[in-house]
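Sequential numbering from 1100 applies to the sequence shown in our numbering.
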Amino acid sequence: MVTVKDVMGNIMPAGTNVSMAALFGITGAPVSPSSLKIPNVVRPVGGNIIPPSYLITVGCPSLTSRGKLTVTVITPGGTTSIGNITIN
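So this is what it looks like as structure tokens:
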């Protein structure tokens, strides 16, 4: 599961693009979905919005493979953030 939120813990702005890529050594692996776009979310009056989590599936080459999932987030304003998640 991947959760993308801002530094205050809020949902990202509508139109934010999130892309994922996996590497095992120098070999790429399939990721599904490989990208997604954050939709517009309307906050209910007096309510909170919990940033959604997204189920990401990575095609690991073997059960003993180690690698990383790189998540790239680009906001509508052009701010880019990159994070890595270790795959064991």
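In this text, a Cβ means the ideal position worked out from N, Cα and C, and glycines have one as well.
| Asked | Found |
| --- | --- |
| Could you check where the beta strand (DSSP E) with Asn-1139 kicks off and where it finishes? | No beta strand (DSSP E) holds Asn-1139; DSSP gives it neither H nor E. |
| So, with DSSP's three-state summary, where would you put Asn-1116? | strand |
| Between Leu-1168 and Ile-1181, how many whole angstroms is the CB-CB distance? I'm expecting something under 8 Å. | The Cβ separation is near 11 Å, so there is no contact. |
| Tell me the DSSP secondary structure of Leu-1162 in three-state form. | coil |
| Looking only at DSSP bridge pairs, what is Ser-1131 linked to? | Thr-1156 |
| Determine which residues share a DSSP beta bridge with Val-1170 and list them. | Met-1119, Gly-1182 |
| Identify every residue that forms a DSSP beta bridge with Ile-1110. | Lys-1104 |
| Taking the alpha-carbon positions, what's the Tyr-1153 to Lys-1136 distance? | 11 Å |
| Going by beta-carbon coordinates alone, are Thr-1171 and Met-1119 separated by less than 9 Å? | yes |
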